[in-house]
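Asks:
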Amino acid sequence: MALKITVIGTGYLGATHAAAMAELGFEVLGLDIDPAKIAMLERGETPMYEPGLEELLRAHVAGFEGASGRLRFTTSWEELADFGDVHFVCVNTPQKHGEYACDMSYVESAVESLAPLLRRPALVVGKSTVPVGSAARLAKRLVQLAPAGEDVELAWNPEFLREGFAVQDTLHPDRIVIGVDGGRAEELLREVYAKPVAEGSPFVVADFPTAELVKTSANSFLATKISFINAMAEVCEAAGGDVVKLAEAIGHDERIGKKFLRAGIGFGGGCLPKDIRAFMARAGELGADQALTFLREVDSINMRRRGHMVELTREAVGGSFLGTRVAVLGATFKPDSDDVRDSPALNVAGQIHLQGGQVTVYDPKGMENARRVFPTLGYADSALEAVRGADVVLHLTEWREFRELDPAALAEVVATPRILDGRNALDPELWRKAGWTYRALGRPQA
Ligand code: UDX
């Protein structure tokens, strides 16, 4: 009989994972403690903007015309425990307030709620990003609490999906990593992931700590790569070099590669910043803090980018923000997402606003979240409206919509045609030809 799958937590990761599991052909039951979220998903709507996810949900959520009906949702732990053979824990592990460590309370409470109801063999699979050592501890707790005792196993299966590509990354992962401690876990997970593995996704089997560390080290490497190129941008600015050309040239070396070398205002979002901090905190607990001191520098280079952008803007408007109008294109931490968590764009906009600038923000998908997080900023309904009367325009999130803007049309409505490209994503020649003063981070001024 085919395995039945449950997904605990229907946020970014959980909603995508549940829909993807249904797409792979499994019967899936998703649980969330928030009934409003469940009601939304049952209508085939997602709480966040993610390309292709609503379509995937509607292809499977029970009740839609033409849907497979393989995907259902519930708020009942009893129903979940009775239904599933494999339970995926997809709750979030945010940064703790005022600390670097991550908050494990959602993961712990998922295990504590589910375990006492597990009366038959089951596999619980953690997907959340957790400090190394968590899986071993949770595995013990599970066996203690579950009536089925040692017939209940745990595995760790970190998730590497990127926002904006969540569906693609889940259905066609570039690797599947599982951490197991004997038992049937590997066999069951090979069954779950048979299709992507047959289509070429590598399947890496490791022990618990290695699997947990794969996730945090992958994110640390990516963060380091971005901060490396941003450090080179600082040196390029001091020496009159061009970081975009430099990145292209070093990227031709296959050992370095071209990806994740886009210099700009740095990384943000719900993962990279908090994951490197939680990793440093955990290494400290393990007495291995020296191994990760470089991550403090990675973090500090990254945070410096935001301040640098603010300073370049101040310089561009003559030394003070008072009485100036600043247009900000982009609020989300990356394009194709409505996520503004730890967004460099919103941080820069906020700093300028707090220093007396009159800031107007426009973002294709992030307006609602940005308004909620930073209600005192000005907002406009289009790029054209945002730049009207501006003394300087900041390009802070590289949406395709901004690359396709007509610089000549914008030049007609601004007070001064001056643009700072915080993402090195616009075509300098195009803007300069239309009469703009174009400046980008880490590149020489014309
Ligand atoms: C990241 C990891 O990529 C993913 O594997 C993991 O599962 C979750 O964290 P995500 O947060 O969606 O995914 O964003 P990502 O595409 O990694 O970008 C993170 C940040 O880095 C964004 O703010 C982006 O603008 C910035 N970035 C990325 C750069 O500044 N330069 C680059 O070259 C690449």
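Residue numbers for the sequence shown follow this note's numbering, so the first one is -19 and each next one is one higher. Ideal Cβ positions, reconstructed from N, Cα and C, are used throughout, including at glycine.
How far does the alpha helix (DSSP H) with W57 in it extend, from its first residue to its last?
Replies: W57 to F63
Asks: Assuming the contact rule is C-beta atoms closer than 8 Å, I18 and A90 should be a hit. Round their C-beta distance to whole Å, please.
Replies: That belief does not hold up - the Cβ atoms of I18 and A90 are roughly 16 Å apart, past 8 Å.
Asks: With DSSP as the reference, label V41 as helix, strand or coil.
Replies: strand
Asks: Report the residue from K(-16), D343, A227 and F354 whose alpha carbon sits nearest the alpha carbon of L334.
Replies: F354
Asks: Quickly, what does DSSP pair E7 with across the bridge? List them, please.
Replies: K(-16)
Asks: With the cut-off set at 8 Å, would you say N327 and N282 are in Cβ contact?
Replies: no
Asks: If distances are taken between C-alpha atoms only, which option among T396, Q425, L406 and E381 comes closest to G415?
Replies: The candidate whose alpha carbon is nearest that of G415 is T396.
Asks: Is it true that the CB of L169 sits closer than 8 Å to the CB of V132?
Replies: no
Asks: Taking 8 Å as the threshold (C-beta atoms), are A307 and V373 in contact?
Replies: yes
Asks: Do L357 and V393 have their C-beta atoms within less than 8 Å of each other?
Replies: no
Asks: If distances are taken between C-alpha atoms only, which option among R257, A(-5) and W411 comes closest to D12?
Replies: A(-5)
Asks: Can you say whether M(-19) is buried or exposed, counting buried as having 16 or more other CB atoms within 10 angstroms of its CB?
Replies: Result: exposed.
Asks: If you run the structure through DSSP and keep just helix, strand and coil, what is E133?
Replies: Secondary structure at E133: strand, using DSSP grouped into helix, strand and coil.
Asks: Closest by CA to P424, which one among L390, N404 and L410?
Replies: N404
Asks: Quick check: L292 and A366, are their CB atoms within less than 8 Å of each other?
Replies: no
Asks: Just reading off the alpha helix (DSSP H) that L125 is part of, what are its end residues?
Replies: S114 to L125
Asks: Check this for me: beta carbons of T(-10) and L21, under 8 Å apart or not?
Replies: yes
Asks: Would you report the Cα separation of D149 and G32, rounded to the nearest angstrom?
Replies: 12 Å
Asks: Is it the case that the Cβ atoms of S39 and G49 are separated by a distance below 8 Å?
Replies: Inspection of the sequence shows that residue 39 is occupied by Ala rather than by Ser. Result no, Cβ atoms of A39 and G49 do not sit closer than 8 Å.
Asks: Pull up the DSSP beta-bridge partners for Y418, would you.
Replies: I399
Asks: Just reading off the alpha helix (DSSP H) that G287 is part of, what are its end residues?
Replies: T273 to A296
Asks: Please confirm whether S108 and V172 have their CB atoms less than 8 Å apart.
Replies: Against a cut-off of 8 Å, the Cβ pair of V172 and S108 comes out as no contact.
Asks: Look at the alpha carbon of G337 and the alpha carbon of R257, and state the distance between them as a whole number of angstroms.
Replies: 31 Å
Asks: Measure the C-alpha to C-alpha separation of W136 and G159 and round it to an integer number of angstroms.
Replies: 5 Å
Asks: Kindly indicate which residue of E143, T190 and A95 has the alpha-carbon position closest to the one of V320.
Replies: E143
Asks: Is it right to say H232 is buried, meaning 16 or more other beta carbons lie within 10 angstroms of its own, or is it exposed?
Replies: By the neighbour-count definition (other C-beta atoms within 10 Å, threshold 16), H232 is an exposed residue.
Asks: Are there 16 or more other CB atoms within 10 angstroms of the CB of L266, so buried, or fewer, so exposed?
Replies: exposed
Asks: Just verifying my parser: in three-state terms, what is the DSSP assignment at C216?
Replies: helix
Asks: When the Cα atoms are used, what is the spatial distance from G221 to D386?
Replies: 28 Å
Asks: Return yes when at least one heavy atom of ligand 1 lies under 7 Å from the C-beta of I206, else no.
Replies: yes
Asks: Quick check on L226: does DSSP put it in helix, strand or coil?
Replies: helix
Asks: In terms of DSSP beta bridges, what is G106 paired with?
Replies: According to DSSP, G106 bridges with V69 and W136.
Asks: Any heavy atom of ligand 1 inside 7 Å of the beta-carbon of N199?
Replies: yes
Asks: Check for me: the beta strand (DSSP E) holding G159 runs from which residue to which?
Replies: I156 to G159
Asks: Taking 7 Å as the cut-off, is the beta-carbon of K314 closer than that to any non-hydrogen atom of ligand 1?
Replies: yes
Asks: Given P15, which residues of its chain have a CB within under 8 Å of its CB, disregarding the five upstream and five downstream residues?
Replies: T55
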